[in-house]
Amino acid sequence: MGNIYLLRHGSTEWNEQQLWQGVVDTELSKKGQEQVRNVARLLRNKNISKIFSSHMKRALQSAKIIAEEIGYTGQIETDNRLRECEIRLWNGKNLEQVLTDHHKEFNEWRTNLYSNVDGAESLASVQERMSQVLSEIIVHYPNENVIIVSHAIALRMLIAKVLGLIPPAHLNFGLDNASLSCLYVKDSTVRVKFLNISSDELNY
26 MGNIYLLRHG
36 STEWNEQQLW
46 QGVVDTELSK
56 KGQEQVRNVA
66 RLLRNKNISK
76 IFSSHMKRAL
86 QSAKIIAEEI
96 GYTGQIETDN
106 RLRECEIRLW
116 NGKNLEQVLT
126 DHHKEFNEWR
136 TNLYSNVDGA
146 ESLASVQERM
156 SQVLSEIIVH
166 YPNENVIIVS
176 HAIALRMLIA
186 KVLGLIPPAH
196 LNFGLDNASL
206 SCLYVKDSTV
216 RVKFLNISSD
226 ELNY
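One rule links them: number in my numbering = place in the sequence shown (from 1) + 25.
Okay, structure coming up:
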């Protein structure tokens, strides 16, 4: 039985200012880099066969740090399908501003899997592309340990699919920056092994 480790990228300055960033190509902050180094401790000696990453800077930087920390010498495979949800309608705003400026659109987007909001990719679209990557990994890397480095909404929708959660139930759990979750396959069914172990928790 192989494990599919899901890593949310480390913190960015936008994360630290609590701003929505979507596909804005932000980079890791110093704090974010340290978070990823900390969580890498959980991935040492796991015999990782492959690392997959979103092509976005903050995810790819996280993947490279993980590779260095665990001694992974293979190629990091970037996949555009692992990118974050496109939410340009409210990028650069905090939640209070979003609720003030785009309350109707935001509520429709986060509660309707198949929302049709101009400037906000539907959660169904995100879930479909993330699920495609997962299905391919299961076929090509059976009984092997792999890492997927991606983003909060993207990973949450993938996990929601595995758990059978329909929006807004996906909001019942969160994924912290540089947090690690894990899936595995048993009897042809994908299951959650653990969820949202954060780098900050490892310091206690």
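Using N, Cα and C, we set each Cβ at its ideal position, and we do this for glycine too.
Since we're looking at a predicted model, the values are computed, not measured.
8 Å Cβ shell around Y229 - same chain, five flanking residues per side excluded: Bear in mind that a pLDDT of 43 at Y229, under 50, signals an unreliable position, so the model cannot answer this.
For E102: DSSP bridge partner residues: Answer is F77.
N- and C-terminal bounds of the beta strand (DSSP E) containing F219: Unbroken beta strand (DSSP E) run through F219: 214-222.
For I173: DSSP bridge partner residues: Note: I173 sits in a beta bridge opposite L31, F77.
At least three beta-carbon pairs within less than 8 Å, the region 43-50 to the region 60-69: No, the region 43-50 does not touch the region 60-69.
M155, buried or exposed, once every other Cβ within 10 Å from all chains shown has been counted against 16: Taking a 10 Å sphere around the C-beta of M155, we find 16 or more other C-beta atoms and assign the residue as buried.
Backbone CA spacing between S140 and N132 [nearest angstrom]: Computed Cα separation, rounded: 10 Å.
C-beta contact flag for H34 and N197 at 8 Å: Result no, Cβ atoms of H34 and N197 do not sit closer than 8 Å.
T125 versus Q100 - alpha carbon distance: C-alpha of T125 to C-alpha of Q100: approximately 44 Å in a straight line.
Straight-line gap, E59 to S36 (C-alpha atoms, nearest Å): Whole-angstrom Cα-Cα distance: 9 Å.
Nearest-angstrom Cα separation, counted from W134 out to L148: So the two alpha carbons sit approximately 7 Å from each other.
A84 beta carbon less than 8 Å from that of S206: Not in contact: S206 and A84 (Cβ atoms no closer than 8 Å).
Secondary structure of A145, DSSP reduced to three states: Of the three classes helix, strand and coil, the one that applies to A145 here is strand, per DSSP.
Reference K82, options K71, I95, S223, T103, closest by Cα: It is T103 whose Cα lies nearest to the Cα of K82.
S87, enclosing alpha helix (DSSP H) - first and last residue: Note, S87: alpha helix (DSSP H), 82-95.
Three-state secondary structure (DSSP) of S206: In this structure, S206 counts as strand in the three-state DSSP scheme.
Span separating the alpha-carbon of V61 from that of Q152: Answer to the nearest angstrom: the Cα atoms are 25 Å apart.
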